[in-house]
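Asks: Numbering (the UniProt record's numbering), first residue to last: 1 to 174.
Backbone N, C-alpha and C fix where the C-beta goes; we use that ideal spot for every residue, glycine too.
Below: one structure in structure tokens.
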């Protein structure tokens, strides 16, 4: 036990405010925030009016609107007759634009094939270079391992010779 039992409680009222006070302040702040948020939603400021539901009885569409004009146009619409094509004539005869577009399309196809071939060649070269560098790295590591193994075996032989020498001629301490 402590020699002064009231030592622990002596500074209690001179520290920070109690946890109950902080809890009340936090609860009040959260309540104010939620009430403010609800008020903003009710006034339509929260979603800027994009998500508002239209009233159920919003009335007829005014006649000057674009929707009314569109309805009138679609009600009076009649399909136009197809153009008359002579029996012997072809649609593509004499139309130079279609031939030009086909040539342009073929040229684009050739460009894309050339681009694909170039990309394929570049990727092949890059993969070959990567494999070559990987192979040289593996070869260098293999040589390094062989060199370390040779050094280790040489050190083991020297150590064994030293132990044999020590066994044949033990040191004299007298």
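(1) I'd like the span of the alpha helix (DSSP H) that includes residue 19, first residue to last.
(2) Measure the C-alpha to C-alpha separation of residue 103 and residue 109 and round it to an integer number of angstroms.
(3) By DSSP, does residue 113 sit in helix, in strand, or in coil?
(4) Please report whether the beta-carbon of residue 79 lies at a distance below 8 Å from any beta-carbon of chain C.
(5) Helix or strand or just coil, what does DSSP make of residue 174?
(6) Would you identify the three-state DSSP class for residue 105, choosing helix, strand or coil?
Replies: Let me spell this out:
(1) DSSP places residue 19 in the uninterrupted alpha helix (DSSP H) bounded by 19–43.
(2) 10 Å
(3) Three-state DSSP puts residue 113 in a helix.
(4) Absence of chain C from the displayed structure is noted, only one protein chain being present.
(5) coil
(6) If DSSP states are grouped into helix, strand and coil, residue 105 belongs with the helices.
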